[in-house]
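> Position 32 (the sequence shown) corresponds to 135 in the working numbering; numbering is contiguous.
Encoded as structure tokens, here's the structure I'll be asking about.
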Amino acid sequence: MPYEVQGVVALGKGEPVSVETVLVPDPGPGEAVVNVQACGVCHTDLHYREGGINDDFPFLLGHEAAGIVEAVGPGVTTVSPGDYVILNWRAVCGECRACRRGRPWYCFSTHNAAQKMTLADGTPLSPALGIGAFAEKTLVAAGQCTKVDPAAPPAVAGLLGCGIMAGLGAAINTGGVTRGDSVAVIGCGGVGDAAVLGASLAGASKIIAVDIDDRKLEWARGFGATHTVNSAATDPVEAIRELTGGNGADVVIDAVGRPETYKQAFYARDLAGTVVLVGVPTPDMTLELPLLDVFGRGGALKSSWYGDCLPSRDFPMLIDLYLQGRLNLDGFVTETIGLGDVEEAFAKMHRGEVLRSVVVL
Numbered sequence: 104m105p106y107e108v109q110g111v112v113a114l115g116k117g118e119p120v121s122v123e124t125v126l127v128p129d130p131g132p133g134e135a136v137v138n139v140q141a142c143g144v145c146h147t148d149l150h151y152r153e154g155g156i157n158d159d160f161p162f163l164l165g166h167e168a169a170g171i172v173e174a175v176g177p178g179v180t181t182v183s184p185g186d187y188v189i190l191n192w193r194a195v196c197g198e199c200r201a202c203r204r205g206r207p208w209y210c211f212s213t214h215n216a217a218q219k220m221t222l223a224d225g226t227p228l229s230p231a232l233g234i235g236a237f238a239e240k241t242l243v244a245a246g247q248c249t250k251v252d253p254a255a256p257p258a259v260a261g262l263l264g265c266g267i268m269a270g271l272g273a274a275i276n277t278g279g280v281t282r283g284d285s286v287a288v289i290g291c292g293g294v295g296d297a298a299v300l301g302a303s304l305a306g307a308s309k310i311i312a313v314d315i316d317d318r319k320l321e322w323a324r325g326f327g328a329t330h331t332v333n334s335a336a337t338d339p340v341e342a343i344r345e346l347t348g349g350n351g352a353d354v355v356i357d358a359v360g361r362p363e364t365y366k367q368a369f370y371a372r373d374l375a376g377t378v379v380l381v382g383v384p385t386p387d388m389t390l391e392l393p394l395l396d397v398f399g400r401g402g403a404l405k406s407s408w409y410g411d412c413l414p415s416r417d418f419p420m421l422i423d424l425y426l427q428g429r430l431n432l433d434g435f436v437t438e439t440i441g442l443g444d445v446e447e448a449f450a451k452m453h454r455g456e457v458l459r460s461v462v463v464l
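Rendered as structure tokens:
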């Protein structure tokens, strides 16, 4: 018997979202139904609403979520009803060539629930990032559920499911930031500030936050930035070089994902330094760089997929650090809201007024 719940749905491209009745089927083999307790409002959800991901409308939005497992389907052994979990959108398969090479964070065959959630009239829904958690319950693949310590509040824990993990992982996993490194982060929204936090956690000696908004730069200081640069008034490449003895930073993270910010990152790194792209470009963007500069500067140019995280490894560890008071996740929660407030949360996000609005159910 399907569960009948309320969820936030994008019915058409560019249309305001609405709260609709959603039918969630009983879990099938390898699936789980989760009672969603909290879900962050991420920019990716807005991309879905605007048709920037694909045209598979209607979408059940929401993906940065934590909750309690309600039921599991046949063959599920990794989670049980009552488990407190963070949802992830890269449930690794364990069988593809990346997994078999011991690099499951690059899994090329991640999976989602096989069944579809639907509107009350039977219209199939496309869940955002295979999750769809702006809803009282959602259906996911069991591998998308990562058990963590239930002492962590869901409004905080759920944020590890996407943006914070992407930024932290870009610094620690992809960028390999370590003790004494100099780090620059371009773009200080939620993902960029998480990269700042990750660099601080890893022991970077100098963390330079770059943005065009002084309010965001102040937020970055709160997560560990030692220096800030307003790139609307100052050339960020020159500023980063000046702050690093004329050399450039060891690791530069582009949390914006535009050609101009990527070029800034490329030229603001030290010789043989590392550039990490974690901001998501749009399909029409192209990049032009002198190939001799790419060759002559050495180092590494990397893209960070979901912070190159392995949820089963990283989520419990980061929650433990939070509970020990060593990881400021609370600072990302600007406000808590209800399901009916998501459209206004998109507007606040677009205006740069919030790091994260979090739907609490």
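Quick reminder that beta carbons are idealized off the backbone N, C-alpha and C, glycines included.
Just so it is clear, the structure is predicted and the values come from calculations on it, not from any experiment.
Which residues in the same chain as P184 place their Cβ atom closer than 7 angstroms to its Cβ, once the five residues preceding and following it in sequence are excluded?
Excluding sequence neighbours, P184 sits near V172, E173, A174, V175.
> Could you compute how far the alpha carbon of E123 sits from the alpha carbon of D387?
Distance between the alpha carbons of E123 and D387 is about 33 angstroms.
> Are T277 and K366 close, meaning C-beta to C-beta below 9 angstroms?
For T277 and K366, no; Cβs fall outside 9 angstroms.
> Express the C-alpha separation of A244 and V182 in angstroms, rounding to a whole number.
Cα-Cα distance, rounded: 11 angstroms.
> For F326, which residues from the same chain have a beta carbon less than 8 angstroms from its beta carbon, with the 5 sequence-adjacent residues on both sides left out?
Closer than 8 angstroms at the Cβ level, and outside the excluded window around F326, lie D296, A297, V299, L300, S303, N431, G434.
> So what does DSSP say about S415, is it helix, strand or coil?
In this structure, S415 counts as helix in the three-state DSSP scheme.
> Looking only at C-alpha atoms, which of L228, V288, K319, R193 sits nearest to R454?
Closest by alpha carbon: K319.
> At the level of alpha carbons, what is the spacing between E153 and L164?
In a straight line, the C-alpha of E153 is about 12 angstroms away from that of L164.
> Measuring only the C-alpha atoms, how far is G225 from P128?
Taking the straight line joining both Cα atoms gives about 11 angstroms.
> Do you know how far the Cα of E391 is from the Cα of D357?
Going by the C-alpha atoms only, they are around 16 angstroms apart.
> At which residues does the beta strand (DSSP E) containing S303 begin and terminate?
No beta strand (DSSP E) holds S303; the alpha helix (DSSP H) holding it covers 293 to 305.
> Under the assumption that V445 contacts V461 (Cβ atoms under 8 angstroms), give the Cβ distance between them as a whole number of angstroms.
Their Cβ separation, rounded to whole angstroms, is 11 angstroms, which puts V445 and V461 out of contact at 8 angstroms.
> Leaving out five residues before and five after N350 in sequence, what residues of the same chain have Cβ atoms less than 6 angstroms from its Cβ?
Within the same chain, N350 has close Cβ partners D373.
> Just curious, the alpha helix (DSSP H) that E321 is in, first and last residue?
Looking at the DSSP string, the run of the alpha helix (DSSP H) that includes E321 is 317 to 325.
> What number of angstroms, rounded off, separates the C-alpha of E118 from the C-alpha of V112?
Each residue's Cα considered, the two are about 10 angstroms apart.
> By the 10 Å Cβ neighbour count, where 16 or more other Cβ atoms means buried, how is S212 classified, buried or exposed?
Exposed is the call here.
> Got a sec, what are the start and stop residues for the alpha helix (DSSP H) Q367 sits in?
Here the alpha helix (DSSP H) through Q367 covers 362 to 371.
> According to DSSP, is T437 helix, strand or coil?
DSSP places T437 in strand when its eight states are reduced to three.
> Please confirm whether I343 and A328 have their CB atoms less than 9 angstroms apart.
Contact: no.
> Quick check on this structure: which residue in S229, A223, Y409, T147 has the alpha carbon closest to the alpha carbon of D158?
D158 has its Cα closest to that of S229, out of S229, A223, Y409, T147.
> Apply the 10 Å Cβ neighbour rule to L394 and answer buried if 16 or more other Cβ atoms are within range, or exposed otherwise.
By the 10 Å Cβ count, L394 comes out exposed.
> Going by C-alpha distance, which of I289, G306, A305 is nearest D316?
Measuring from the Cα of D316, the nearest candidate turns out to be I289.
> Please go through the region 130 to 189 and give each complete beta strand (DSSP E) segment of 3 or more residues, from N-terminal end onward.
Here the runs fully enclosed are 134 to 143, 167 to 175.
> Have a look at T385, T389, G401, P384 and flag the residue whose alpha-carbon is nearest the alpha-carbon of V378.
Ranking the options by Cα distance to V378, first place goes to G401.
> Which same chain residues end up closer than 7 angstroms to A223 when comparing Cβ atoms and leaving out the 5 residues on each side of it in sequence?
Only T124, L126 meet the Cβ criterion.
> Have a look at E456 and A450 and give me their C-alpha separation to the nearest angstrom.
The alpha-carbon atoms of E456 and A450 are separated by roughly 9 angstroms.
> Compute the distance between the beta-carbons of I189 and F369, then report whether it is under 9 angstroms.
No.
> Below 7 angstroms CB to CB, which residues in the same chain sit around G360 once its five sequence neighbours on both sides are set aside?
Excluding positions up to five away in sequence, the list reads L380, G382, V383, P384.
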